[in-house]
Amino acid sequence: MTMAMKIPSKELWSYFGYGLGQCFSFGLVGSFINYFYTDVLGISALAASTIFLIARAWDAIHDPFFASIMDTMNTRFGKFRHFMLIAPLLITLMTLASFYNIDAPTSTKILYAGATYILWGTLYAISDIPFWSMSSVMSSEPRERTKAVTAAVLGVNAGIACANIFFPRLTAFFAPYSSDHGYFMAVLVMMVIGMLLMINGFFNVKERVPPSGEKVTIRDTFRNLRHNKPLFFVLAAFFFCVLHNIANGIYIYFFIYNMGDGGLQAAIGVMGILAALACLLAPLLTRHYKKRTLFIALCCLDILVRIVLWFAGYQSLAVLFILLGLSTLFVMMSNLFTSAMIVDTIEYAEYHTNKRCAAITFSGQTFTGKMSVAVGGGLIGVYLTLIGYVPQAASQTEGVLNGLFFGISLLPAIGSLIRIGFIWFFDFTEDKHEEVTRLLAERRANGGISNPVDDQEDRPVTPAWQK
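Throughout the sequence shown, residue numbering follows this note's numbering, covering 935 to 1401 in sequence.
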């Protein structure tokens, strides 16, 4: 390994910090915006679901288009890093706006919630796509890139966990002094800290992999994405965390009504922190096992734990949190491996198109992650309606309580089973990636292009390692 491509520990910690600060916002929106809409702002669960689905339809247009522009740009800061300077303030302001309880008629509240949520998702992409793309340019060495991805995943999951740990406590502290259950002031405190962490990340991360000498156009980026077949299997598996995201949104209802203590939501955050620390073992595991194999094994373990949870029930708080903690670990680590597999597919598409387009690749992850959270959030409203949940009620019926428990136990197990089905078809494993990397290195050394694309028909020529 060349010293020039080694990522210093300080830089990895700063990269981790950027993801941590950024995902204060993602965690707040992902875990609490649905409850804020229904029980604080006072709009219906179905109205909230509609907002989420409209926002994701817009993201389907915005995210890849924004990423395609990013892949064509170069500045004195590099290809991606300069976006990490302007994003912190934008995300902070829009997160605050999203949790502001306006005093207006219900129709106006729905329009305000829709406008702020859609704008939040749009601006979040300005941060998230460059953040993940940085992992592909901080080093070209596979082990160093795995370290970067691990730092990113740990930061993201720790940020979401911190939102679950500290936000309920902050809202309880500010609730006596506000008319919105303390939501706005709690968001303000968390997002100011998050913004400072993100700004520190900008100043301390570096791009070391030079951009390709080939000029990249917007058309090139979409052709690059179209030829990246392994990416779509990974993204499909990543999306079906949607059932886990439904469970994440149901936790607050489950703890309030089934357990009688909404403050127990903080335990989910603590488990997230512990699981994130356990994810530090991921680089060691990938030295001995393929990422695809590890992903499938983790999903199988998650299914097993969820089934045990359903039959064990929630009478024992210790058993409940042990099983939920194990599931949190398995899901978090499986998502780490999906991110690592996404990084590998960048070289796959580069080989076939002669263009290196990291941003358009990670826009797929950003969009899929937001889609999974939003569809999950939308389905929370549908699910609550189906089980007969009554907003702001002092208690719920036995059928609702059973439905809430099913939502945090067996429903995510179905998601893990579907994820296994998609990743089963992913075959761009480490041995093939190593061969593609070698071929790309030879191509660059020769200063030319070797046999990747039939320009007349715009389709890749089959390389030797695929025959």
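Using N, Cα and C, we set each Cβ at its ideal position, and we do this for glycine too.
This one's a predicted model, so the numbers in the text were calculated from it and none came from an experiment.
Coarse secondary structure for residue i, derived from DSSP in three states
i	result
LEU1030	helix
THR1287	helix
GLY1012	strand
GLN1199	helix
PRO1325	coil
ALA1413	For residue 1413 there is no data in the structure shown, the boundaries of the chain being 935 and 1401.
VAL1309	helix
HIS1115	coil
GLN1299	helix
TYR1058	helix
ALA1038	coil
C-alpha gap between residue i and residue j, whole angstroms
i	j	result
GLU945	VAL1253	39 Å
PHE960	ILE1094	7 Å
VAL1071	PHE1014	9 Å
LEU1023	LEU1122	12 Å
LEU1351	PHE1011	43 Å
THR1026	VAL1126	7 Å
PHE1172	TYR1117	30 Å
TYR1111	MET1205	30 Å
ASP1005	VAL1143	14 Å
GLY976	TRP1358	43 Å
ALA1021	MET1129	9 Å
SER1041	ASP973	16 Å
TYR1187	ASP1062	29 Å
PHE1137	MET1124	21 Å
ALA914	SER1306	Limits of the chain in this structure are 935 at one end and 1401 at the other, which puts residue 914 out of reach.
ARG1103	MET1266	24 Å
MET939	ALA1231	32 Å
GLY1259	ILE1202	8 Å
Beta-carbon contacts of residue i that lie in its chain and below 8 Å, excluding the five residues immediately before and after
i	result
VAL1242	LEU1257
Contact under 8 Å by Cβ, residue i with residue j
i	j	result
SER948	VAL1139	yes
MET878	PHE1108	The first residue shown for the chain is 935 and the last is 1401, placing residue 878 beyond what the model contains.
ASN1192	LEU1338	yes
GLY1315	LEU980	yes
CYS1233	ARG1378	no
VAL1087	CYS1213	yes
LYS1304	GLY1055	yes
LEU1053	MET1018	no
ILE1180	LEU1313	yes
PHE1065	GLY951	no
ALA1293	ALA1092	no
Beta-carbon contacts of residue i that lie in its chain and below 7 Å, excluding the five residues immediately before and after
i	result
GLY1322	THR1331, GLY1333 and VAL1334
LYS1401	With a pLDDT of 49 at LYS1401, under the threshold of 50, the modelled position of this residue cannot be trusted; read the value that follows with caution. So no residue of the chain qualifies.
GLN1326	ASP973
Residues near residue i in its chain [Cβ-Cβ closer than 6 Å; skip 5 each side]
i	result
MET935	Residue confidence is low: MET935 scores 47 on pLDDT, short of 50, so the model does not pin down where it sits. Its coordinate-derived value is still stated next. Cβ within range, chain order: GLU1075.
Report yes or no: do the stretch 1164-1182 and the stretch 1281-1300 share at least 3 C-beta pairs separated by less than 8 Å?
yes
Taking three-plus beta-carbon pairs below 8 Å as touching, is the stretch 1157-1166 in contact with the stretch 1305-1323?
no
Hey, is the stretch 1272-1281 in contact with the stretch 1350-1368, meaning 3+ C-beta pairs nearer than 8 Å?
yes
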